[in-house]
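Reviewing the structure listed below.
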Amino acid sequence: MGPVMKRPAHGGGVDRAAQELNLPREQILDFSASINPQGVPATVRLALDQALERIADYPQIDANSLRHALANHHDLPPECLLPGSGSTELIYLLPRALKPRRAVIVEPAFSEYAPALQQAGCVVDRFALDPADRFRFDSEALIDSLHPEVDLVWLANPGNPSGVGIDPDQLRCLAMKLGARRLIIDEAFVDFSPELSLIDAVLERDNLIILRSMTKFYAIPGLRVGYLAGPPKDVAVLAAGRLPWALSGLAIAAAEACLWDSEYRRRSLDELDCLRDQLETGLQPLAEEIYPSRANYLLLRLHASGPGSRDLCRRLRGKGILLRNCCDFYPLDDRYLRVAVRTADENRRLVDALIAEVAHG
Numbered sequence: 098m099g100p101v102m103k104r105p106a107h108g109g110g111v112d113r114a115a116q117e118l119n120l121p122r123e124q125i126l127d128f129s130a131s132i133n134p135q136g137v138p139a140t141v142r143l144a145l146d147q148a149l150e151r152i153a154d155y156p157q158i159d160a161n162s163l164r165h166a167l168a169n170h171h172d173l174p175p176e177c178l179l180p181g182s183g184s185t186e187l188i189y190l191l192p193r194a195l196k197p198r199r200a201v202i203v204e205p206a207f208s209e210y211a212p213a214l215q216q217a218g219c220v221v222d223r224f225a226l227d228p229a230d231r232f233r234f235d236s237e238a239l240i241d242s243l244h245p246e247v248d249l250v251w252l253a254n255p256g257n258p259s260g261v262g263i264d265p266d267q268l269r270c271l272a273m274k275l276g277a278r279r280l281i282i283d284e285a286f287v288d289f290s291p292e293l294s295l296i297d298a299v300l301e302r303d304n305l306i307i308l309r310s311m312t313k314f315y316a317i318p319g320l321r322v323g324y325l326a327g328p329p330k331d332v333a334v335l336a337a338g339r340l341p342w343a344l345s346g347l348a349i350a351a352a353e354a355c356l357w358d359s360e361y362r363r364r365s366l367d368e369l370d371c372l373r374d375q376l377e378t379g380l381q382p383l384a385e386e387i388y389p390s391r392a393n394y395l396l397l398r399l400h401a402s403g404p405g406s407r408d409l410c411r412r413l414r415g416k417g418i419l420l421r422n423c424c425d426f427y428p429l430d431d432r433y434l435r436v437a438v439r440t441a442d443e444n445r446r447l448v449d450a451l452i453a454e455v456a457h458g
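Residue numbers (the numbering used here): 98 to 458.
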């Protein structure tokens, strides 16, 4: 029996924090998980109420109605799409079903990519973006660095935890230059910057797979809904390799309601830029650098003379405020902190708390 793999760290954990701090969970401010501050759409709440009437029935075995709703939403053939129980289910399904031999992850990146690949027996290489260069992505440098055996490149747009966006035309060109090697782009946060998406290109490139999450933008992480888009031949292999009834009836109903709610999308995008700019302005005195974000979070590099991210996270946790230290994101260290964008009032409370802690040294 091999060694037990340690579970990667993640944001969230409101219930655990409330229990440890002996506080009502409503008093915990979670800036560690990047969820739309608009909250759950009213249309989703209504859809869930209606779906509860059918909870005694089995859901669709393959979430086929959601697949067709996604096809309509993205103007893609249904056979190019596969819903999943959160994008993380699909992250683990991809290497298990497609069996890559050697992969490159563009870092820093979501911490589940590497274990998903390694559990499937895939060798993992890393291509690190430079914080000093503001995480600028150079596709030519990436291609030049590839080991001859690499058959998969995996990256996120916008980046997590950096929030930095990559020009989709550069990624379109990368997919072409990779030839037969697959390119997986995780667009978990792209709904906050839709212009970055390359999902339409799955019709052009048979080596391109796009991952999407519905939990961040629509504030439904408790329901676990994501999907992928890719060439029909790959989607068919992936669909054959997963469990039946992967999505609950509640998740399917909520996801379909999200897709129809264009007003929620408009309102979210209209308000996000203002909220993010206000938060960035408030955090400027605390950071040596705040990276340009296209998502609903900010990555800070703290001043070397002040407290590190572990220390700040520990101190603010004691006050019921959760932050995401980025020590476990290669190649970052204890100077990097990720902060979600929340409501204007909550953002002010965070800034005030951070200023007070940094002042104490």
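Backbone N, C-alpha and C fix where the C-beta goes; we use that ideal spot for every residue, glycine too. Note that the structure is a prediction, hence the values are computed from the model and not measured.
- Judged by their CB atoms, L447 and L126 are nearer to each other than the 8 Å cut-off.
- The Cβ atoms of L396 and L300 lie no closer than 8 Å to each other.
- Your pair E454 and S162 does not check out as a contact, with CB atoms roughly 49 Å apart and the cut at 8 Å.
- The Cβ atoms of W357 and P156 lie no closer than 8 Å to each other.
- Non-local C-beta neighbours of P318 in its own chain, meaning closer than 6 Å and more than five positions away in sequence, comprise T312, ordered along the chain.
- L347 counts as buried, since no fewer than 16 other beta carbons sit within 10 angstroms of its beta carbon.
- Per the DSSP secondary-structure output, P180 pairs in a beta bridge with Y324.
- Distance from the CA of A211 to the CA of A336, rounded to the nearest whole angstrom, comes to 22 Å.
- V322 and A238 have their alpha carbons spaced roughly 34 Å apart.
- By the beta-carbon neighbour count (other beta carbons within 10 angstroms, threshold 16), I282 is buried.
- W357 sits in a helix when the DSSP states are folded into three classes.
- In the displayed model, D283 falls within a strand according to three-state DSSP.
- Within its own chain, the residues whose Cβ lies closer than 8 Å to the Cβ of S406, once the five positions on either side in sequence are excluded, are L399, L420, N422, C423, C424, D431, R432, Y433 and L434, listed in chain order.
- Using a Cβ distance threshold of 8 Å, L325 and L305 do not count as a contacting pair.
- Secondary structure within the region 289-346: the beta strand (DSSP E) runs of 3 or more consecutive residues, fully enclosed, are 305-310 and 323-326 (chain order).
- Take the alpha-carbon of G218 and the one of E186: they are about 17 Å apart.
- Residue environment analysis places C355 among the buried positions, since at least 16 neighbouring C-beta atoms fall within 10 angstroms of its C-beta.
- For the pair A277 and R151, the Cα-to-Cα distance works out to about 45 Å.
- Taking every protein chain shown into account, the CB of N444 has 16 or more other CB atoms within 10 angstroms, so this residue is buried.
- Here DSSP, grouped into helix, strand and coil, assigns Y427 to coil.
- In this structure, P255 sits away from F426, with a CB-CB distance that is not shorter than 8 Å.
- Taking all protein chains shown into account, I158 has fewer than 16 neighbouring C-beta atoms within 10 Å of its C-beta and is therefore exposed.
- If you draw a straight line from the Cα of L320 to the Cα of D408, it comes to about 32 Å.
- Here L372 is not near P180, since their CB atoms are 8 Å or more apart.
- Secondary structure of L369 (DSSP, three-state): helix.
- Apart from sequence neighbours up to five positions away, the residues of its chain that approach L383 with a beta-carbon distance below 6 Å are L451 and V455, ordered along the chain.
- In the structure shown, the three-state DSSP call for E123 is helix.
- Where E386 is concerned, the enclosing beta strand (DSSP E) starts and stops at A384 to I387.
- Nearest neighbour of A441 by Cα position, chosen from L369, L145 and E292, turns out to be L369.
- Apart from the 5 residues on each side of it in sequence, L271 sits with its Cβ closer than 8 Å to the Cβ of S236, L239, I240, V250 and L280 in its chain, given in chain order.
- With respect to N119, A316 sits apart: the two C-beta atoms are not nearer than 8 Å.
- Between A206 and V247, the gap from beta carbon to beta carbon reaches 8 Å or more.
- Nearest in C-alpha terms to E176, of all of R391, R164, K274 and S182, is R164.
- Apart from the 5 residues on each side of it in sequence, H170 sits with its Cβ closer than 7 Å to the Cβ of L356 in its chain, given in chain order.
- With 16 or more other CB atoms across the displayed protein chains lying within 10 angstroms of its CB, R391 is buried.
- It is roughly 40 Å from the alpha-carbon of R364 to the alpha-carbon of Q215.
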